[in-house]
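Asks: Have a look at this one.
In mature numbering (1 follows the signal peptide of the UniProt record, and there is no 0), the protein residues as written are -20 to -1, 1 to 194.
Okay, here's the thing in structure tokens:
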């Protein structure tokens, strides 16, 4: 063997071990692709729960929001009016005369002014006193009430054509509110001659007027 060949064999023997060591190092540092999935350590037991922290302080108040817009205007409501009637209160008057002794046969005997409060009410009138009629033959006299100078028409006149101890009494409707002149008159009867009439002889005569609801 020539000296050149012997040197080449020596170099190959020295280089082979170094190549093997480098290959082993590259294997050690190569990353396993499944290492991240499996992990390198076993997970231990969970630790004890921690204590709650102290409450925090209130934050800074916020700024006021933008004012809202007006809503849609609603529909106009219906106007409902309630009618309250005033409670009825008594309204009456009495006029009296002592020993009237009025001997006329035709005309007004006495009157009494009354204030009527309502139009839709009735007036109750009463004359209490002595009524006398004297005549030689058949005769008649008529005593009656008037209201502001006219006889009652609703429903009918209030009258008496004979001697009555209980007097003249009745209800009259249709009289307007305000001052009412209530009067007692004496007059003749139709188809009968006039007699000698006398009213309130030697006794008390009175007219009572009372306003009553219908």
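Heads up, the beta-carbon is just placed ideally off N, CA and C, and yes, glycines get one too. Only a predicted model underlies this, so the values are computations on that prediction, with no experimental measurement involved.
1) Please report the residue range of the beta strand (DSSP E) in which residue 152 lies.
2) Taking 8 Å as the cut-off, decide whether the C-beta atoms of residue 102 and residue 159 are in contact.
3) In whole angstroms, what is the alpha-carbon distance linking residue 176 and residue 124?
4) Which of the three DSSP states is assigned to residue 59 in this structure?
5) Could you check which residue in 156, 105, 165 and 193 has the C-alpha nearest to that of residue 83?
6) Work out the CA separation of residue 54 and residue 97 for me, nearest whole Å.
7) Determine which residues share a DSSP beta bridge with residue 126 and list them.
8) Using three-state DSSP, classify residue 72 as helix, strand or coil.
9) Residues in its own chain within less than 6 Å of residue 153 by CB, not counting five upstream and five downstream?
10) On the CB-based measure, 16 or more other CB atoms within 10 Å of its CB, does residue 69 come out buried or exposed?
Replies: Let me lay it out:
1) 148 to 152
2) no
3) 16 Å
4) coil
5) 165
6) 45 Å
7) 131 and 163
8) strand
9) 102 and 134
10) exposed
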